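Engineer: Take a look at this one; I'll ask things after.
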DNA sequence: ACATAATGAATACAGTGCATACATATCGAT
DNA sequence: ATCGATATGTATGCACTGTATTCATTATGT
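Protein chains in written order, with the numbering used here: chain P, 964 to 1151; chain C, 964 to 1151.
What follows is the structure in structure tokens.
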């Protein structure tokens, strides 16, 4: 087969390879040129599908939030929603730490309030609210406040677990995200 | 005055200007060359004082942890240690968001278990443990577990507040780090 | 005073994000 | 089916970055 001039699905190929790169070495910056190289396309080709590097990150952050949303939707139908959500969150953090980091960091760096990532984030928060509602608990506060507190706990524990990888906090010392989430949500 | 060939205090000047840069535009990567340019020294001069860019980040992360340690030591002598600590943490996050971000991210990216930053981080955790002890509370768990939970809450709320800057969670919805900290520590 | 170490400059190279200009494939109206 | 418009990829180039090598200047200890 003589190489096709057009890739055919470059946009998704870029995102796919980008996620592989994030998985292979989390904590490293993506390189657009390297993505193009791996796919076998010219250095400038990605710019036909994204406005630039930040555009790729935006799309990836949206994917990250969608994974979180899916986890929340699954958790909402179980008998201990917050526990299950925390477990799923931890699983994602372990399987795709690079993607989760990029997702979490995204708002801090390239923040546009109406971008794809921001929309995906809002959907994730809505799903999180549903989880908190499903979990029940004392109505000491609004469900939104509870959801925000749960979100904070999930973020904090995830970050702490990546800290722990270099030594300080070993397993038994680490807080259990599920228990903490139930605690701050007023459940149990 | 004819310009001195040797700067005299380049190492500290680099760190100082780096913090200014982080404060001026948080969320942007540092540039060694720009630091050198701002100070008025050759592009390679910083390499006499740091092994490379990661070395500068390491030193900055250590400074960040030391600021947190100082905040914890102040808080330990008050009548509501966790509340005061949370307030100080939030103040640092507001005043120097770039430095705090770099500090928090450091372990994730350039992790050496015995570097300057790792030592500073351990000291911060020790100070945090002291705060939790000062706060008292039910001894349902070890003070280390409580401290880790408090740390997670501080990290999570700080991250959430930087999210909030782009819209989703407005003030009244955001969890109060102090109350959450006391909750997960079993105080009150 | 003078050898030596510490600190800075000059130059160079590979890698990156991105812009402009050009080439080829795809697709819709006729 | 043809043919022009559009989408998608290539070629080339620029400014910037981190870092290595080599050389110049200053500080320092005996």
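Positions of the beta carbon are idealized from the N, C-alpha and C atoms, including for glycine. Given the structure is predicted, the values throughout are model-derived calculations rather than measurements.
#1: In angstroms with no decimal places, state the Cα-to-Cα distance between residue 1121/P and residue 1028/P.
#2: If you measure from the beta carbon of residue 1029/P to each beta carbon in chain C, is any gap under 7 Å?
#3: Determine which residues of the stretch 1063-1075 of chain C have a Cβ less than 7 Å from any Cβ of chain P, and write them out in chain order.
#4: Taking CB distances under 7 Å as the criterion, tell me whether residue 1001/P reaches chain C.
#5: Taking 7 Å as the threshold (C-beta atoms), are residue 1080/C and residue 1030/C in contact?
#6: Classify residue 969/P: buried if its beta carbon has 16 or more other beta carbons within 10 angstroms, exposed otherwise.
#7: Taking 7 Å as the threshold (beta carbon to beta carbon), is residue 1120/P in contact with chain C?
#8: So, for residue 1143/P: in the same chain, excluding its five sequence neighbours on each side, which residues have a beta-carbon less than 6 Å away from its beta-carbon?
#9: Can you grab the Cα-Cα spacing for the pair residue 1082/P / residue 1025/P, in whole Å?
#10: Rounding to the nearest angstrom, what Cα-Cα distance links residue 1060/P and residue 1007/P in this structure?
#11: What is the rounded straight-line gap between the Cα of residue 1139/P and the Cα of residue 986/P?
#12: Indicate whether residue 1110/P and residue 1044/P have their beta-carbon atoms separated by less than 7 Å.
#13: Please report how far the alpha carbon of residue 1197/C lies from the alpha carbon of residue 967/P, in whole angstroms.
#14: Tell me which residue opens and which closes the alpha helix (DSSP H) that residue 1027/C is part of.
#15: Under 7 Å, do residue 1039/C and residue 1094/C count as touching if we go by C-beta distance?
#16: Determine contact between the stretch 972-985 of chain P and the stretch 998-1016 of chain P, defined as no fewer than three beta-carbon pairs at a distance below 8 Å.
#17: What three-state label does DSSP hand residue 1104/C in the structure shown?
#18: Throw me the rounded Cβ distance for the residue 1019/C and residue 1100/C pair, which I believe falls under 8 Å.
#19: Could you work out which residues of chain P lie near residue 1108/C, taking near to mean beta carbons separated by less than 7 Å?
#20: Using a cut-off of 7 Å between C-beta atoms, extract the partners of residue 1056/C located in chain P.
#21: Would residue 1154/P pass as a contact of residue 1072/C if the rule is Cβ separation under 7 Å?
#22: Between residue 1012/C and residue 977/C, which are expected to be in contact by the criterion C-beta below 8 Å, what is the C-beta distance as a whole number of angstroms?
#23: Grouping DSSP H, G and I as helix and E and B as strand, with all else coil, what is residue 964/P?
#24: Within the same chain, show all residues whose beta-carbon is closer than 7 Å to that of residue 1067/C, passing over the 5 residues directly before and after it, in chain order.
#25: Cα separation between residue 984/P and residue 994/P?
#26: Please report the residue range of the alpha helix (DSSP H) in which residue 1057/C lies.
#27: How many angstroms separate the CA atom of residue 1035/P from the CA atom of residue 1063/P?
#28: Residue 981/P: which of 1010/P, 1023/P, 1014/P, 1015/P sits nearest, CA to CA?
#29: How would you list, in chain order, the residues of chain C whose beta-carbon sits under 9 Å from the beta-carbon of residue 1008/P?
#30: Could you name the residues of chain P that residue 1112/C contacts, counting a contact when the two beta carbons are closer than 7 Å?
#31: With DSSP as the reference, label residue 971/P as helix, strand or coil.
#32: Return helix, strand or coil for residue 1085/C, following the three-state DSSP convention.
#33: DSSP state of residue 1012/P, grouped into three classes?
Structural biologist: Reading it off the structure:
#1: 15 Å
#2: no
#3: 1064, 1067, 1070, 1071, 1072, 1074
#4: no
#5: no
#6: exposed
#7: yes
#8: 1116
#9: 8 Å
#10: 28 Å
#11: 25 Å
#12: no
#13: Residue numbering for chain C in the displayed model covers 964 to 1151; residue 1197/C lies beyond these limits and cannot be assessed.
#14: 1016-1039
#15: yes
#16: yes
#17: coil
#18: At roughly 40 Å, the Cβ-Cβ gap does not stay under 8 Å, so residue 1019/C and residue 1100/C are not in contact.
#19: 1136, 1138
#20: The premise fails here: residue 1056/C is roughly 11 Å from chain P at the closest Cβ pair, so nothing lies under 7 Å.
#21: Summary: the structure shown does not reach residue 1154/P, with chain P confined to residues 964 through 1151, and so no result is reported for it.
#22: 7 Å
#23: Unreliable placement is indicated for residue 964/P, whose pLDDT of 39 sits below 50; the coordinate value is still reported in the next sentence. Reduced to three states, the DSSP call for residue 964/P is coil.
#24: 1118
#25: 9 Å
#26: 1044-1058
#27: 15 Å
#28: 1023/P
#29: None at all; the shortest Cβ gap to chain C is about 25 Å.
#30: 1138, 1143
#31: coil
#32: helix
#33: coil
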